[in-house]
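In this note's numbering, the protein residues as written are 309 to 630.
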């Protein structure tokens, strides 16, 4: 079965007065039908840039140098604006990072959810009922009564639930959740994770989850894509990533997860060193300067992608026997 989304050799620069920033370089990933794919990595690794490119919501100074983005066989990068408008919301929907700014403050929640359905040939009463049903589905209590309230009358966790409800209104084939728990406290974060777990049982499309939260990724995802400094360094099933991670960066990320610490400690583990300058990309492995397993060739030779299994590949010299 063909994947719902396929990204091949995607390279994107951001043009600045100091020169181009090579934000993404030869990124490859795919999202199978009815699956959940997680994208993880440190801040600045390119996770949000990838999903913004899928939605064609990149900043004006972004330049796609190479690659293609195919959604159900259609080239997203070649679409006209009218075609994009037909795809956004209807077939691909997105939950953004900050729930406090995701909705229009001067319109009621109900009005916004009715407006989303403008393509549907339903009466206003039917659209309102559909909105109420969707709010109830994501756990908003007294959904019918709260339809006429405004965003400021809801908590951050409720606003994120409303954002998820809005994104599901048109039953999209692909839902993108860009760090959906980042702006929430621990209690609300747990509630949103539970909500996504429940939605997984009933949602018929595919989901991309971008997150720093490895617990969220472990609970929800079928496959995981690990990114570092604009490159995909490892891709595998969730079980392979969490139990048999092969790239030193993935191993270091897992070692830094507080949930995996065996004992109480005052000092959390970190990955030493700094992310490289994306205006001056190293000639060899992008992670070499921070890697405690590096070989001599890592500094000068770009590592190839090594296939461990059909569902597990790694960009690393340690697994390359050539």
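Using N, Cα and C, we set each Cβ at its ideal position, and we do this for glycine too.
From residue 362 to residue 379, what distance separates their C-alpha atoms? For residue 362 and residue 379, the gap between their C-alpha atoms comes out near 9 Å.
Please name the residue, chosen from 505, 555 and 602, that lies closest to residue 540 on a Cα-to-Cα basis. 555
Considering only C-alpha positions, which residue in the set 537, 473 and 575 is nearest to residue 587? 537
Put residue 550 into one of helix, strand or coil per three-state DSSP. helix
Whole-Å CB distance - residue 407 paired with residue 471, under 8 Å assumed: That pair is a contact at about 6 Å.
Near residue 524, which residues of its chain fall below 6 Å by C-beta distance, leaving aside the five closest residues on each side in sequence? 501
Rounded to the nearest angstrom, what separates residue 545 and residue 609 at their Cα positions? 28 Å
Residue environment, residue 330, which counts as buried when at least 16 other CB atoms sit within 10 Å: Buried: at least 16 other Cβ atoms inside 10 Å.
Verify whether the separation of the beta carbon atoms of residue 424 and residue 474 is less than 8 Å. yes
Where the beta strand (DSSP E) containing residue 327 begins and where it ends: 327 to 339
Where does residue 570 fall in DSSP's three states? coil
Please state whether DSSP places residue 583 in a helix, a strand or coil. coil
What three-state label does DSSP hand residue 438 in the structure shown? helix
Going by other Cβ atoms of all chains shown within 10 Å of its Cβ, with 16 needed for buried, is residue 461 buried or exposed? exposed
Mapping DSSP to helix, strand and coil, what is residue 514? Reduced to three states, the DSSP call for residue 514 is strand.
Alpha-carbon spacing of residue 519 relative to residue 346, whole angstroms: 7 Å
If you measure between the beta carbons of residue 354 and residue 535, is that distance less than 8 Å? Result yes, Cβ atoms of residue 354 and residue 535 sit closer than 8 Å.
Can you name the start and end residues of the beta strand (DSSP E) that residue 345 belongs to? 344 to 348
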